[in-house]
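Accompanying notes for the structure given below.
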Amino acid sequence: MSSVVLLARPVTGAASVAVAGRMMAFLDYFAGVFTLISLTAVVAAGLAATDRLVLTPRLRVAVQSVHRASAVAALGFLATHIAVKVVERHAAPQTAVVPFTGGAALAVSLGTIAADLLVLITATGVFRGRFAGRRPWLWRVLHSTAYLCWPVALAHGLTAGRAAHPWVLWGYGLCAALVALALLVRVLSYLGSCLGRHRPSIRRRRGARTYQPAAVRPSALTALSARPTADTGPITWPAGAPAARRPATPAGMPGQPKHAARPVPRPLRLAQPGSNE
Numbered sequence: 137m138s139s140v141v142l143l144a145r146p147v148t149g150a151a152s153v154a155v156a157g158r159m160m161a162f163l164d165y166f167a168g169v170f171t172l173i174s175l176t177a178v179v180a181a182g183l184a185a186t187d188r189l190v191l192t193p194r195l196r197v198a199v200q201s202v203h204r205a206s207a208v209a210a211l212g213f214l215a216t217h218i219a220v221k222v223v224e225r226h227a228a229p230q231t232a233v234v235p236f237t238g239g240a241a242l243a244v245s246l247g248t249i250a251a252d253l254l255v256l257i258t259a260t261g262v263f264r265g266r267f268a269g270r271r272p273w274l275w276r277v278l279h280s281t282a283y284l285c286w287p288v289a290l291a292h293g294l295t296a297g298r299a300a301h302p303w304v305l306w307g308y309g310l311c312a313a314l315v316a317l318a319l320l321v322r323v324l325s326y327l328g329s330c331l332g333r334h335r336p337s338i339r340r341r342r343g344a345r346t347y348q349p350a351a352v353r354p355s356a357l358t359a360l361s362a363r364p365t366a367d368t369g370p371i372t373w374p375a376g377a378p379a380a381r382r383p384a385t386p387a388g389m390p391g392q393p394k395h396a397a398r399p400v401p402r403p404l405r406l407a408q409p410g411s412n413e
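Letter 154 of the sequence shown, counting from 1, is numbered 290 in our numbering, and no numbers are missing.
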């Protein structure tokens, strides 16, 4: 029994080493491809998230969620891609951070530039609230470096390493077409918003009449703008005029002192049963 266990241990160890080797080979070949695909989704979703011609507000929120999730996935695949290349000694550790160091070729340095730009773009997306109140233009400039990051990453994928298979080239072409389509939608949305600014803000419905205010007479304006003359004084009544014809002047008005007595209201009495009131 012990001999079986001793023989099983080398077999198990060899199997794990073989699986690890296959996993490293898979990541060595596909981690960079997955990074470029995720970066393509980031750029395409970011371009389409501002569209107002085709997308509804709910769809724009969904596209923004795809934009953020793709950015996180791109960072994860990028870290895996760099770690595998450094472990297998295909690139120096400093080359992963600073381009054109450690004897790196131009194709490898393009990948370093794209990686640095991707980290910068993600950082500006995370700290967007810090730029909103003070310097929003600075955030737009830094975040717009994605337009430079994506083509640099595409050039790195086509030129660095081994020769790409035809299906990889077709995949890169599909990524380029997707970004071009998103850019076209962005341009059309911008042109539509510019044209909408020059249109009247009130849209007329079919068959609806436009409200037109009635013309104001000049005499009405003259009467409203007339001011009382300085000779206007309190109204006086002749001494022999009957009191019934005189209008009641409230207290505090011209022609009556402010301390004039006011009539006292009579108390209310409830009618008793059997009375004639």
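In this text, a Cβ means the ideal position worked out from N, Cα and C, and glycines have one as well.
With a 10 Å radius around the Cβ and a threshold of 16 neighbouring Cβ atoms, T192 comes out exposed. Taking C-beta atoms under 8 Å as the contact rule, S325 and R188 qualify, at a distance of about 6 Å. For T216, the secondary structure class from DSSP, reduced to helix, strand or coil, is helix.
Here A210 is near L175, since their CB atoms are less than 8 Å apart.
Sixteen is the threshold: when 16 or more other Cβ atoms of the shown chains lie within 10 Å of the Cβ of P235, as they do, the residue is buried.
In this structure, G168 lies away from A282, with their beta-carbon atoms at least 8 Å apart. About 5 Å separates the Cβ atoms of A318 and A184, confirming a contact at the 8 Å cut-off.
Taking I257 as the centre and dropping the five residues before and after it, the same chain places the C-beta of H279, T281, A282 and C285 closer than 7 Å to its C-beta, in chain order.
Residue burial is scored here from C-beta neighbours: L305 has fewer than 16 other C-beta atoms within 10 angstroms and is therefore classed as exposed. Excluding sequence positions up to five before and after A207, its CB lies within less than 6 Å of the CB of V178 and T258, all in the same chain and listed in chain order.
Under the three-state reduction of DSSP output, H226 falls in the coil class, being neither helix nor strand. According to the DSSP assignment, P272 belongs to the alpha helix (DSSP H) that extends over P272 to H279.
In this structure, V315 lies away from A205, with their beta-carbon atoms at least 8 Å apart.
If the five residues before and after V220 are omitted, its C-beta is found closer than 7 Å to the C-beta atoms of M160, L163, D164 and A167, all from its own chain and listed in chain order. Collapsing the DSSP output to three states places H301 in coil. For H226 and A312, the gap between their C-alpha atoms comes out near 27 Å.
In the displayed model, D164 falls within a helix according to three-state DSSP. Of all alpha-carbon atoms in R271, Q230, V153 and L246, the one lying nearest the alpha-carbon of G297 is that of L246.
With at least 16 other beta carbons inside 10 angstroms of its own, G293 counts as buried. Ranked by how close their Cα comes to the Cα of T216, the residues R194, L172 and V262 have L172 in first place. Assigned with DSSP and collapsed to three states, G269 falls in helix. Here the alpha carbons of A291 and W273 stand approximately 29 Å from one another. Within the same chain, Cβ atoms closer than 8 Å to the Cβ of S329 are found at R188, the five residues on either side in sequence being excluded. Here G238 has A228, Q230 and T231 as same chain residues with Cβ atoms under 6 Å from its own Cβ, once five neighbours each way along the sequence are excluded.
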